[in-house]
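Asks: In the working numbering, the protein residues as written are 1 to 415.
Cβ atoms here follow ideal geometry from the backbone N, Cα and C, with glycine treated the same way.
All values reported here derive from a predicted model rather than from experimental measurement.
1) For the region 182-193 against the region 5-17, are there 3 or more C-beta pairs whose distance is under 8 Å?
2) Which of the three DSSP states is assigned to residue 334 in this structure?
3) Can you check whether the CB of residue 196 is closer than 8 Å to the CB of residue 99?
4) Would you tell me roughly how many angstroms separate the C-alpha atoms of residue 68 and residue 62, rounded to the nearest one?
5) Check the C-beta distance from residue 76 over to residue 90 and give it rounded, since I have them as a contact under 8 Å.
6) Comparing C-alpha positions only, which one of 216, 381, 401 and 144 sits nearest to residue 413?
7) Curious, which full-length alpha helix (DSSP H) runs of at least 4 residues does the region 349-407 contain?
8) Alpha carbons only, please: which of 292, 263 and 282 is nearest the one belonging to residue 271?
9) Considering only the alpha carbon of each residue, which of 248, 305, 142 and 352 lies closest to residue 373?
10) Taking all protein chains shown into account, do 16 or more other C-beta atoms lie within 10 angstroms of the C-beta of residue 24, making it buried, or fewer, making it exposed?
11) Could you please give me the residues that DSSP links to residue 15 through a beta bridge?
12) Please list, in chain order, all residues of the same chain as residue 204 whose beta carbon is under 7 Å from its beta carbon, the five residues on each side excluded.
13) Just mark residue 232 as buried or exposed, buried being the case when its beta carbon has 16 or more other beta carbons within 10 Å.
14) Looking at the unbroken beta strand (DSSP E) that takes in residue 97, where does it start and where does it end?
15) Is the beta carbon of residue 313 less than 8 Å from the beta carbon of residue 5?
16) Which class does residue 204 belong to by DSSP, given the choice of helix, strand or coil?
17) So, with DSSP's three-state summary, where would you put residue 181?
18) Are residue 303 and residue 262 touching if we call contact CB-CB under 8 Å?
19) Between residue 138 and residue 146, which are expected to be in contact by the criterion C-beta below 8 Å, what is the C-beta distance as a whole number of angstroms?
20) What are the boundary residues of the beta strand (DSSP E) that residue 241 is part of?
21) Please check the pair residue 102 and residue 50, which I expect to be a contact at CB under 8 Å, by giving their CB distance rounded to whole angstroms.
22) What's the gap between the Cα of residue 52 and the Cα of residue 288?
23) Are there 16 or more other CB atoms within 10 angstroms of the CB of residue 97, so buried, or fewer, so exposed?
24) Taking the runs of the alpha helix (DSSP H) that are 4 residues or longer, which of them lie wholly in the region 121-170?
25) Evaluate residue 95 with the Cβ neighbour count: other Cβ atoms within 10 Å of its Cβ, from every protein chain shown; 16 or more gives buried, anything less gives exposed.
26) In the region 289-325, which residue ranges form an unbroken alpha helix (DSSP H) of at least 4 residues, counting only runs that do not cross its ends?
27) So, for residue 338: in the same chain, excluding its five sequence neighbours on each side, which residues have a beta-carbon less than 6 Å away from its beta-carbon?
28) Just list the residues that DSSP pairs residue 286 with in beta bridges.
29) Hey, residue 30 and residue 72: beta-carbon distance below 8 Å or not?
30) Please name the residue, chosen from 411, 26 and 3, that lies closest to residue 249 on a Cα-to-Cα basis.
31) How close, in whole Å, do the beta carbons of residue 229 and residue 40 come, if the pair is a contact with beta carbons under 8 Å?
32) On the CB-based measure, 16 or more other CB atoms within 10 Å of its CB, does residue 367 come out buried or exposed?
33) Do you know offhand how far residue 415's Cα is from residue 117's?
34) When the Cα of residue 38 is compared with those of 224, 363 and 206, which residue comes out closest?
35) Give a yes or no on contact between the region 231-245 and the region 206-214, applying the rule of three or more CB pairs nearer than 8 Å.
36) How about residue 329 and residue 45: do their beta carbons lie closer than 8 Å?
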């Protein structure tokens, strides 16, 4: 699907969708319990739908109470499962693979679209040390694992993604004994903290004995919970960027106490001279006195697309660190951002781990591609409306991965 955007006036209030990251964690943990939980404010993104389908394969009985509220009755211990399909969700694959090793029978995890092109060798490097037989397909999905996962003392590399660590934390909490897990070269620790917070909400407690050393007691009972999914800071980052660039847009549904890493966009904006306004109509950004960025996004790499749009329309040289975190996403995001913003007349270069963006006053009209990446599609849309330039975005339906209603919300802002 292509989506054409013409210069118009966009303003109003955005009701932000639930966090697919928070939602997937909660769905999986609830499915591992042998009791019933209620999940409130569950979204309808493709990634969430994939996790719900897998929760049912893991034995959960899911009942829809209303449009955004679900009852999840777990039955994990009594269920035999042979295959799980993660769709295009990298988080889903990295949470579900360790959990699948709790089963004694082999389980195959498959995926679709860009996910089957993403490296999964973390599992091949570390799961065999934990008693798991692993068979990858050319270092990618499908992956076949056969457990059971064995408790012990392990050291793992956290440099590529915290999602692998989150999957291990969840799985080891359900093994027979106690595990000490040391994470070397950790990145995106806020996402690990999110997992610990969600586990705690379901009665599972994991101690961080020293920095990045986790003591995980096994066979912890997962209690029933009434759990409310946070509004999604990742999705909000695009609208907040539009506001920082001068558009009269406010965002509702965000928690300032959220554990989500992408809440750090507020820090990025404040460092760049913007003002954060928490009003009765929602969160607003005043970018009247904004200046170029100098920000380290290593722990929040999903902010790169939104911050690139901000930098592109803020004259001067911006610097965003953490480019190495962008290669193994739905696209090679660093290259995709450089390629598409070059079409708009924005000079972007990468030196070592830093992206340098030379901001401009006006953008060039163009036909651009999302690279089938939801975050690239959304950041280009904001570039179009904030830069008041006509763009046609190819593969615009990629937004369904995280924010199915994005285009409808955009149209609702037209005055």
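Replies: So, to answer that:
1) Verdict: no, contact absent.
2) Helix, per DSSP.
3) No, these two residues do not count as a Cβ contact at 8 Å.
4) Each residue's alpha carbon lies about 13 Å from the other.
5) Under the criterion of beta carbons closer than 8 Å, residue 76 and residue 90 do not qualify as touching, at roughly 23 Å.
6) A check of alpha carbon separations from residue 413 across 216, 381, 401 and 144 identifies 381 as the nearest.
7) You should have 374-387.
8) Of the listed residues, the one whose Cα sits closest to residue 271 is 292.
9) Per the Cα distances, 305.
10) Result: buried.
11) BP columns for residue 15 point to 252.
12) When the five nearest sequence neighbours on each side are left out, the beta carbons in the same chain lying within less than 7 Å of the beta carbon of residue 204 are those of 173, 220 and 222, in order along the chain.
13) Residue 232 comes out buried.
14) Looking at the DSSP string, residue 97 is not in any beta strand (DSSP E); the run it does join, the alpha helix (DSSP H), is 90-100.
15) No. Outside cutoff.
16) Here DSSP, grouped into helix, strand and coil, assigns residue 204 to coil.
17) If DSSP states are grouped into helix, strand and coil, residue 181 belongs with the strands.
18) Cβ atoms of residue 303 and residue 262: closer than 8 Å.
19) Between residue 146 and residue 138 the Cβ distance is about 19 Å, and since that is not below 8 Å, they are no contact.
20) For residue 241, there is no enclosing beta strand (DSSP E); the enclosing alpha helix (DSSP H) has its first and last residue at 233-244.
21) Not really, about 19 Å apart at Cβ, beyond 8 Å.
22) Cα atoms of residue 52 and residue 288: separation of roughly 43 Å, rounded to the nearest angstrom.
23) Burial is judged here by how many other beta carbons sit within 10 angstroms of a residue's own beta carbon; residue 97 has at least 16 and is buried.
24) Correct list: 121-126.
25) Burial call: buried.
26) Entirely contained in the region 289-325, the alpha helix (DSSP H) runs reaching 4 residues are, in chain order, 304-312.
27) Non-local beta-carbon contacts of residue 338 in its own chain, meaning distances under 6 Å to residues more than five positions away in sequence, involve 348 in chain order.
28) Residue 286 is bridged to 275.
29) The answer is yes: Cβ separation under 8 Å.
30) Minimum Cα distance to residue 249 is reached at 411.
31) Rounded, the Cβ-Cβ distance is 7 Å, consistent with contact.
32) Burial call: exposed.
33) Approximately 41 Å between the Cα atoms of the pair.
34) For residue 38, the nearest C-alpha among the options comes from 224.
35) Taking 8 Å as the limit for Cβ pairs, the verdict is that the region 206-214 does not touch the region 231-245.
36) Their beta carbons are not under 8 Å apart, which means residue 329 does not touch residue 45 by this criterion.
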